[in-house]
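Residue numbers (this note's numbering), protein chains in the order written: chain W, 13 to 141; chain U, 13 to 141.
Okay, structure first, notes after.
Number of protein chains: 2
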Amino acid sequence: MRIGEVAAATDTTTKTIRFYEQSGLLPAAERSENGYRSYAEDTVSKLRFIRRGQAAGLTLAQIGDILQLRDNGYAPCAHVQKLLTRQLTHLDRQITELLALRAAVAQFHAGANNADPASCDPDRICSLL
Amino acid sequence: MRIGEVAAATDTTTKTIRFYEQSGLLPAAERSENGYRSYAEDTVSKLRFIRRGQAAGLTLAQIGDILQLRDNGYAPCAHVQKLLTRQLTHLDRQITELLALRAAVAQFHAGANNADPASCDPDRICSLL
DNA sequence: GTGCACCTTCCCCTATAGTGGAAGGTCAAG
DNA sequence: CTTGACCTTCCACTATAGGGGAAGGTGCAC
Chain W
13 MRIGEVAAAT DTTTKTIRFY EQSGLLPAAE RSENGYRSYA EDTVSKLRFI RRGQAAGLTL
73 AQIGDILQLR DNGYAPCAHV QKLLTRQLTH LDRQITELLA LRAAVAQFHA GANNADPASC
133 DPDRICSLL
Chain U
13 MRIGEVAAAT DTTTKTIRFY EQSGLLPAAE RSENGYRSYA EDTVSKLRFI RRGQAAGLTL
73 AQIGDILQLR DNGYAPCAHV QKLLTRQLTH LDRQITELLA LRAAVAQFHA GANNADPASC
133 DPDRICSLL
């Protein structure tokens with residue numbers, strides 16, 4: 013398959029596929045005589061996998077590591093499980109931080125409802141923050 | 013005050029202060045004869061305000077708008093209230109998305125516990141995702 | 001023989017909030 | 001007179017995931 017066909021089959025762009033190759037997520041593509049990249053079917057699987065990994069919030073670097081393992085003949089299951097555990101921890105921390113921020117902003121916002129512009133001290137720039 | 017003193021008083025760096033000036037958050041500083049930036053006291057208030065704005069999750073661009081209003085003689089209260097309302101909406105959306113992602117990842121992770129590497133189809137790269 | 005779709009490489013640009021470093025000017029102390 | 005702590009400007013770089021567009025090669029149809 014040529015790069016454009018792969019892109020169409022996976023709903024991405026040729027730009028993205030070249031970018032993944034350059035980033036090490038995909039191995040350097042075979043070339044046909046004219047210099048065009050020539051892909052086997054499994055590239056489509058890999059691209060779909062990349063999308064699933066992104067849907068799980070993994071970075072391209074993490075996804076690349078998994079693909080490397082698979083390309084080197086290992087089943088990446090254990091590694092993926094470790095990644096998912098870390099990802100859960102990471103998400104929990106992010107959610108906690110965001111909830112704290114939301115609470116802080118809500119408090120500012122509540123104060124804003126009974127604010128009088130006239131009582132606003134210019135030295136503080138804004139009495140609400 | 014010279015830039016280093018302002019930086020020390022607000023626990024930032026001279027680099028950051030020059031960056032804020034360049035970004036339009038702070039007006040172009042007065043210069044003393046030798047070309048050094050020379051600041052009035054109120055710059056310290058502005059920098060502290062910038063920190064409070066960041067603590068509320070506002071971007072520098074949003075904070076800059078507030079400072080502009082104040083510098084033009086307006087009390088930015090109404091504008092800030094609008095910003096805070098939008099910020100709450102934004103945070104709520106982010107939190108919702110993150111919770112959904114967390115749920116999805118948790119499901120993958122649960123599947124990972126009873127995964128058998130041998131049953132892993134290489135074509136799928138990883139059966140957990 | 002030319003128009004069109006496709007491919008190639010190359011380099012720059014996006015947004016965010018700065019950080020690092022080079023090359024050079026200024027000022028007080030020793 | 002030189003050392004050191006400041007200050008100046010300018011340019012590049014960080015991380016993330018690509019996108020835009022130029023300049024040029026390929027292959028097929030008309």
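Beta carbons are placed, not taken as given, at the ideal position from N, Cα and C, and that holds for glycine.
Keep in mind it's a predicted model, so treat the numbers as computed, not measured.
Between Gly58/U and the rest of its own chain, which residues show a CB-CB distance below 7 Å, the 5 nearest in sequence each way excluded? For the purposes of this step, residue 58/U is identified with residue 46 of the second sequence, where counting begins at 1. Position check: residue 58/U holds Lys in this sequence, whereas Gly was assumed. If we look at Lys58/U and ignore the five residues flanking it on each side, its Cβ neighbours are Leu38 and Leu79.
Name, please, each residue of chain W whose Cβ falls closer than 9 Å to the Cβ of Ala21/U. One-based indexing of the second sequence puts residue 21/U at position 9. Here the premise fails: no neighbours, minimum Cβ distance about 15 Å.
Which of the three DSSP states is assigned to Ser35/U in this structure? To locate residue 35/U, count along the second sequence from 1; it is residue 23. Looking at Ser35/U - three-state DSSP - the assignment turns out to be coil, as it is neither helix nor strand.
Within chain U, partners of Phe120/W - CB distance below 8 Å: As a working note, residue 120/W is residue 108 in the first sequence. The answer, in chain order, is Ala68 and Leu96.
For Ala118/W and Ser139/U, what's the separation of their Cα atoms in angstroms? Along the first sequence, read from residue 1 onward, the residue named residue 118/W stands at position 106. Along the second sequence, read from residue 1 onward, the residue named residue 139/U stands at position 127. C-alpha separation (whole angstroms): 42 Å.
Under 8 Å, Cβ to Cβ, is there at least one residue of chain U near Arg105/W? By 1-based counting over the first sequence, the position of residue 105/W is 93. It does not: the Cβ of Arg105/W has no partner Cβ on chain U nearer than 8 Å.
Once the 5 residues before and after Ala19/U are set aside, which same chain residues still bring their CB inside 8 Å of it? One-based indexing of the second sequence puts residue 19/U at position 7. Excluding positions up to five away in sequence, the list reads Thr25, Thr26, Thr28 and Ile29.
Straight-line CA distance for Thr122/W to Arg105/W? Along the first sequence, read from residue 1 onward, the residue named residue 122/W stands at position 110. Along the first sequence, read from residue 1 onward, the residue named residue 105/W stands at position 93. The question names Thr, yet the displayed sequence has Ala at residue 122/W. Rounded to the nearest angstrom, the two C-alpha atoms are 26 Å apart.
Assigned secondary structure, Ser139/W (DSSP; H/G/I helix, E/B strand, else coil): As a first step, residue 139/W must be located in the first sequence, where it is residue number 127. Correct three-state label for Ser139/W: coil.
Report the residue from Gly76/U, Gly47/U and Leu141/U whose alpha carbon sits nearest the alpha carbon of Phe31/U. Numbered from its first residue, the second sequence carries residue 31/U at position 19. The shortest Cα separation from Phe31/U among Gly76/U, Gly47/U and Leu141/U belongs to Gly76/U.
For Ser50/W, which residues does DSSP report across the bridge? By one-based count along the first sequence, residue 50/W stands at place 38. Glu42/W.
Proximity to Thr137/W [Cα-Cα], best of Tyr86/U, Asp23/U, Ala41/U and Glu45/U: Here residue 137/W is taken as the residue at index 125 of the first sequence, counted from 1. First, the residue type needs correcting, since residue 137/W is Ile and not Thr in the sequence shown. It is Tyr86/U.
Rounding to the nearest angstrom, what Cα-Cα distance links Ala52/U and Asp23/U in this structure? Counting from 1 along the second sequence, the entry for residue 52/U is found at position 40. Counting from 1 along the second sequence, the entry for residue 23/U is found at position 11. Looking at the two C-alpha atoms, the distance is approximately 17 Å.
Taking the alpha helix (DSSP H) that Leu81/W falls in, what are its first and last residues? Here residue 81/W corresponds to residue number 69 of the first sequence, with the count starting at 1. Unbroken alpha helix (DSSP H) run through Leu81/W: Leu72 to Asp83.
Using only alpha-carbon positions, find the residue among Arg98/U, Phe120/U, Leu72/U and Cys132/U that is nearest to Gly36/U. Your numbering for residue 36/U matches position 24 in the second sequence. That would be Leu72/U, whose Cα lies nearest to the Cα of Gly36/U.
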